[in-house]
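Participant: The sequence shown lines up with residues 24 to 464 when you count with my numbering. No residue lacks a Cβ here, since even glycine has one placed at the ideal position from N, Cα and C. Sharing a structure with you now.
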Amino acid sequence: MSIVSVFFSKIRGWKRLGIFALLGLTLSWVVSCGTGNVNNSTQQSASGNSSNVEFWTMQLQPQFTDFFNNLIRSFEAENPGIKVNWVDVPWSAMESKILTAMSARTAPDVVNLNPSFASQLATRNAWLDLDSKVSADVRETYLPNIWKASTINGKSFGLPWYLTTRLTIYNTDLLKQAGVSQPPTTYAELATVARQVKERTGKYAFFTTFVPEDSAEVLESFVQMGVNLVDAQGKAAFNTPEGRAVFQYWVDLYRNELIPPEVLTQGHRYGIEQYQAGQTALLASGPEFLKTIAKNAPAIAQVSATAPQITGPTGKKNVAVMNIVIPANTDQPDAALKFALYVTNNQNQLAFAKAANVLPSTVAALSDEYFKSVPADASTVEKARVVSASQLQQAEVLVPAMENRNVLQRAIYDNLQAAMLGEKTVDQAVADAAAEWDSRA
Numbered sequence: 024m025s026i027v028s029v030f031f032s033k034i035r036g037w038k039r040l041g042i043f044a045l046l047g048l049t050l051s052w053v054v055s056c057g058t059g060n061v062n063n064s065t066q067q068s069a070s071g072n073s074s075n076v077e078f079w080t081m082q083l084q085p086q087f088t089d090f091f092n093n094l095i096r097s098f099e100a101e102n103p104g105i106k107v108n109w110v111d112v113p114w115s116a117m118e119s120k121i122l123t124a125m126s127a128r129t130a131p132d133v134v135n136l137n138p139s140f141a142s143q144l145a146t147r148n149a150w151l152d153l154d155s156k157v158s159a160d161v162r163e164t165y166l167p168n169i170w171k172a173s174t175i176n177g178k179s180f181g182l183p184w185y186l187t188t189r190l191t192i193y194n195t196d197l198l199k200q201a202g203v204s205q206p207p208t209t210y211a212e213l214a215t216v217a218r219q220v221k222e223r224t225g226k227y228a229f230f231t232t233f234v235p236e237d238s239a240e241v242l243e244s245f246v247q248m249g250v251n252l253v254d255a256q257g258k259a260a261f262n263t264p265e266g267r268a269v270f271q272y273w274v275d276l277y278r279n280e281l282i283p284p285e286v287l288t289q290g291h292r293y294g295i296e297q298y299q300a301g302q303t304a305l306l307a308s309g310p311e312f313l314k315t316i317a318k319n320a321p322a323i324a325q326v327s328a329t330a331p332q333i334t335g336p337t338g339k340k341n342v343a344v345m346n347i348v349i350p351a352n353t354d355q356p357d358a359a360l361k362f363a364l365y366v367t368n369n370q371n372q373l374a375f376a377k378a379a380n381v382l383p384s385t386v387a388a389l390s391d392e393y394f395k396s397v398p399a400d401a402s403t404v405e406k407a408r409v410v411s412a413s414q415l416q417q418a419e420v421l422v423p424a425m426e427n428r429n430v431l432q433r434a435i436y437d438n439l440q441a442a443m444l445g446e447k448t449v450d451q452a453v454a455d456a457a458a459e460w461d462s463r464a
């Protein structure tokens with residue numbers, strides 16, 4: 024399974040509790056290659072001085088079975104009083120299984136989730152508060168912006184693990200036909216390129232979806248263009264000149280026929296297909312998608328290159344995060360934390376990042392030369408890794424952890440669509456979206 028089907032196409036909206044928002048959940052697919060079998064036994068016990076720690080991951084078997092078996096053996100050798108039972112859960116089952124386990128008080132001691140999912144339960148004090156458990160020295164080993172992704176209401180509920188940042192994959196031939204010498208780096212440049220590509224080639228520069236249950240890329244564009252989505256009290260903060268300007272930006276692109284009409288009805292999968300068919304010049308995705316292009320559309324792969332992701336005047340870049348959390352009611356808090364810190368330490372993060380073609384969330388691991396340079400004859404995928412890693416210093420989870428994030432996305436997307444179709448003015452669409460969010464049940 025490649026990142027393309029992972030990162031933007033397989034996942035749709037998750038309705039219950041608004042969990043598994045797209046960017047968080049899809050990162051679990053970045054490194055998944057098959058469906059693992061879940062052990063339904065989640066009981067933890069202690070015998071004598073030994074601790075049994077149950078560790079759940081999200082679809083890392085069978086591709087990484089040997090990796091984690093070796094990691095666990097090394098941990099147990101260094102900590103003879105602790106035994107680790109590894110359970111791998113299919114991504115599609117994680118929501119129901121963890122909610123059921125938490126309700127039945129049979130949750131694992133350590134679990135691989137993502138900030139969007141985990142934050143919904145963090146507001147209910149479901150996870151161990153790490154602020155009193157993790158020293159400042161240890162905390163500083165992680166990238167500061169990434170640590171923030173697993174905080175809510177000023178409390179830290181998770182340890183950062185593996186990451187990916189979005190890239191701009193572009194068709195060099197199509198841009199050349201349009202007279203574009205360099206791919207756009209900002210949304211302002213994107214609008215110019217969109218017009219140039221359409222006028223000179225008859226094709227579209229890019230596709231992005233406005234389907235509420237799909238990608239959060241448009242929602243994130245608000246943050247990148249300097250808009251606060253919600254204020255400190257959780258009220259809508261986008262009914263501002265800046266927010267209206269972003270609404271107007273997307274409305275203008277649609278009404279001027281510079282983005283496909285299918286943006287209102289099709290999800291990110293459609294955008295992937297259009298890029299592979301040579302019908303669009305740009306695609307926002309992860310570096311591993313290049314392998315999928317090579318397999319599905321070798322001619323397009325030959326003319327594809329990568330550039331940093333498009334952003335706004337803030338310079339903010341998207342990052343997708345997977346984290347590790349510990350249930351507050353675990354019987355083994357010290358052993359669980361020791362293992363979680365072991366999994367996410369510099370050495371093990373670097374090893375896993377290389378094995379899985381993802382990025383680490385620790386400062387030392389990211390500083391490894393592997394993420395900084397490649398030989399002159401490096402493949403496009405290898406070059407993409409360096410571009411992706413270079414963005415992490417400016418990267419953050421653009422839509423912060425919050426309850427009902429899916430409700431916010433729907434309110435904004437639905438009203439954007441109405442403005443695009445001329446059913447509402449931009450001012451009315453913004454006001455209605457804000458009112459819908461503020462009046463949520």
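So, are the CB atoms of TYR227 and GLN302 less than 8 Å apart?
Facilitator: By 1-based counting over the sequence shown, the position of residue 227 is 204. By 1-based counting over the sequence shown, the position of residue 302 is 279. Yes, they are a contact pair.
Participant: According to DSSP, is ALA379 part of a helix, a strand, or is it coil?
Facilitator: Counting from 1 along the sequence shown, the entry for residue 379 is found at position 356. In the structure shown, ALA379 sits in a helix (DSSP, three-state: H, G or I).
Participant: Relative to the C-alpha of GLU419, which candidate in GLY104, ALA172, SER115 has its C-alpha closest?
Facilitator: By 1-based counting over the sequence shown, the position of residue 419 is 396. The option with the nearest alpha carbon to GLU419 is ALA172.
Participant: Quick one: what's got a C-beta closer than 6 Å to ALA130's C-beta in the same chain, skipping five residues either side?
Facilitator: The residue given as residue 130 occupies position 107 in the sequence shown. Cβ neighbours of ALA130 beyond the five flanking positions: ALA124, PRO350.
Participant: Assuming ASP465 is part of the beta strand (DSSP E), what are its boundary residues?
Facilitator: The question about residue 465 has no answer, for the chain in this structure spans 24 to 464.
Participant: Would you call GLU243 buried or exposed, if buried means 16 or more other Cβ atoms sit within 10 Å of its Cβ?
Facilitator: The residue labelled residue 243 in the question sits at position 220 within the sequence shown. By the 10 Å Cβ count, GLU243 comes out buried.
Participant: ASN102 to VAL410, Cα distance in whole Å?
Facilitator: Numbered from 1 along the sequence shown, position 79 holds the residue referred to as residue 102. Numbered from 1 along the sequence shown, position 387 holds the residue referred to as residue 410. Straight-line Cα distance between these residues: approximately 38 Å.
Participant: Quick one, which of THR367, GLU212, ALA454 has its alpha-carbon nearest SER384's?
Facilitator: Within the sequence shown, residue 384 is the residue found at index 361, counting from 1. It is THR367 whose Cα lies nearest to the Cα of SER384.
Participant: Where do the N-terminal and C-terminal ends of the beta strand (DSSP E) with ILE349 fall, by residue?
Facilitator: The residue you call residue 349 lines up with position 326 of the sequence shown. Looking at the DSSP string, ILE349 is not in any beta strand (DSSP E), and its letter there is neither H nor E.
Participant: Whole angstroms is fine: what's the gap from TYR165's alpha carbon to LYS406's?
Facilitator: The residue given as residue 165 occupies position 142 in the sequence shown. The residue given as residue 406 occupies position 383 in the sequence shown. TYR165 and LYS406: Cα-Cα distance of roughly 24 Å.
Participant: In the structure shown, what three-state DSSP assignment does GLY47 receive?
Facilitator: In the sequence shown, the residue the question calls residue 47 occupies position 24. Residue placement at GLY47 is poorly supported in this model, since its pLDDT is 42, which falls under 50; the coordinates are not used for a value here.
Participant: For the alpha helix (DSSP H) containing TYR277, name the first residue and the last one.
Facilitator: Reading the sequence shown from its first residue, position 254 is the one you call residue 277. Start and end: 264-278.
Participant: Where are the alpha helix (DSSP H) runs, 4 residues long or more, that stay fully inside the stretch 189-262, in chain order?
Facilitator: Qualifying alpha helix (DSSP H) stretches, in chain order: 195-200, 210-224, 240-247.
Participant: Exposed or buried, which one is GLU392 when buried takes at least 16 other CB atoms within 10 Å?
Facilitator: Counting from one through the sequence shown, the residue named residue 392 turns up at place 369. With fewer than 16 other CB atoms across the displayed protein chains lying within 10 angstroms of its CB, GLU392 is exposed.
Participant: Measuring CA to CA, which of GLU240, SER73, ALA379, ARG278 is closest to LEU444?
Facilitator: Indexing the sequence shown from 1 puts residue 444 at position 421. The shortest C-alpha separation from LEU444 is found at ARG278.
Participant: Just list the beta strand (DSSP E) runs in the stretch 282-318, keeping only unbroken ones of 3 residues or longer that don't cross its boundaries, in chain order.
Facilitator: 305-308
Participant: Go to VAL366, then tell me how far its alpha helix (DSSP H) extends in each direction, as first and last residue.
Facilitator: Taking the sequence shown and counting its residues from 1, the one referred to as residue 366 is at position 343. 356-366 is the span of the alpha helix (DSSP H), which, as asked, contains VAL366.
Participant: Decide if LYS395 is buried, meaning its Cβ has at least 16 other Cβ atoms within 10 Å, or exposed.
Facilitator: The residue given as residue 395 occupies position 372 in the sequence shown. With a threshold of 16 other beta carbon atoms within 10 Å, LYS395 falls short and is exposed.
Participant: Are GLN200 and ARG223 close, meaning C-beta to C-beta below 8 Å?
Facilitator: Residue mapping note: residue 200 aligns to position 177 of the sequence shown, counting from 1. Residue mapping note: residue 223 aligns to position 200 of the sequence shown, counting from 1. Yes, the pair counts as a contact, with Cβ atoms nearer than the cut-off.
Participant: Can we say the stretch 249-258 touches the stretch 447-454, given the rule of at least three CB pairs closer than 8 Å?
Facilitator: no
Participant: Excluding five sequence neighbours on each side, which residues of the same chain lie with their C-beta closer than 8 Å to the C-beta of ALA214?
Facilitator: As a working note, residue 214 is residue 191 in the sequence shown. Here the set comprises TYR272, ASP275, LEU276, LEU281.
Participant: If you compare alpha carbons, which of ALA149, ASP437, ILE121, THR208 is closest to GLY335?
Facilitator: Reading the sequence shown from its first residue, position 312 is the one you call residue 335. Nearest option by C-alpha distance: THR208.
Participant: If distances are taken between C-alpha atoms only, which option among THR174, ASN168, PHE180 comes closest to LEU186?
Facilitator: As a working mapping, residue 186 is identified with position 163 in the sequence shown. Taking the Cα of LEU186 as reference, the smallest distance to any Cα among THR174, ASN168, PHE180 is reached at ASN168.
Participant: Should the stretch 131-145 be called in touch with the stretch 73-81, which here means at least 3 C-beta pairs below 8 Å?
Facilitator: yes
Participant: Give every residue of the same chain whose Cβ lies closer than 6 Å to the Cβ of GLY294, excluding the five residues on either side of it in the sequence, and list them in chain order.
Facilitator: Position 271 of the sequence shown, counting from 1, holds the residue named residue 294. Excluding positions up to five away in sequence, the list reads PHE230.
Participant: Among the residues of its own chain, which have a CB less than 6 Å from the CB of ALA69, if the five just before and after it don't count?
Facilitator: For the purposes of this step, residue 69 is taken as the residue at position 46 of the sequence shown. Residue confidence is low: ALA69 scores 40 on pLDDT, short of 50, so the model does not pin down where it sits. Its coordinate-derived value is still stated next. The answer is none, since no qualifying residue turns up.
Participant: Sort out for me which residues DSSP pairs PHE134 with in a bridge.
Facilitator: Taking the first residue of the sequence shown as position 1, residue 134 is located at position 111. Note that residue 134 is Val in the sequence shown here, rather than Phe. TRP79, VAL348, per the DSSP bridge assignment.
Participant: Taking contact to mean 3 or more Cβ pairs, one atom from each stretch, closer than 8 Å, check whether the stretch 188-202 and the stretch 303-313 are in contact.
Facilitator: yes
Participant: Measure the CB-CB distance between TYR365 and VAL241 and report whether it falls below 8 Å.
Facilitator: Here residue 365 is taken as the residue at index 342 of the sequence shown, counted from 1. Here residue 241 is taken as the residue at index 218 of the sequence shown, counted from 1. Cβ distance not < 8 Å, so TYR365 and VAL241 don't count as in contact.
Participant: Could you name the residues of the same chain whose beta carbon sits closer than 6 Å to that of LYS447, not counting the 5 residues immediately before and after it, in chain order?
Facilitator: If you number the sequence shown from 1, residue 447 lands on position 424. So the qualifying residues of the chain are ALA441.
Participant: Say whether chain B places a C-beta atom closer than 8 Å to the C-beta of GLU212.
Facilitator: Considering every chain present, this structure includes no chain B. It has just one protein chain.
Participant: Quick one: Cα of VAL430 to Cα of ALA458, how far?
Facilitator: On the sequence shown, position 407 is the one that residue 430 refers to. On the sequence shown, position 435 is the one that residue 458 refers to. The alpha-carbon atoms of VAL430 and ALA458 are separated by roughly 12 Å.
Participant: Can you tell me whether GLU163 is buried or exposed? The criterion is at least 16 other CB atoms within 10 Å of its CB, across all chains shown.
Facilitator: Locating residue 163 in the sequence shown gives position 140, where the first residue counts as 1. Exposed, because fewer than 16 other Cβ atoms sit within 10 Å of the Cβ of GLU163.
Participant: If I'm right that ASN346 touches PRO113 with Cβ under 8 Å, what's the distance once you round it to whole angstroms?
Facilitator: Taking the sequence shown and counting its residues from 1, one reaches residue 346 at position 323. Taking the sequence shown and counting its residues from 1, one reaches residue 113 at position 90. For a cut-off of 8 Å, the C-beta gap from ASN346 to PRO113 is around 19 Å, too long to register as a contact.
Participant: Could you check the C-alpha separation between ALA17 and LEU373 for me, to the nearest Å?
Facilitator: There is simply no residue 17 to check, as the chain begins at 24 and stops at 464 in what is shown.
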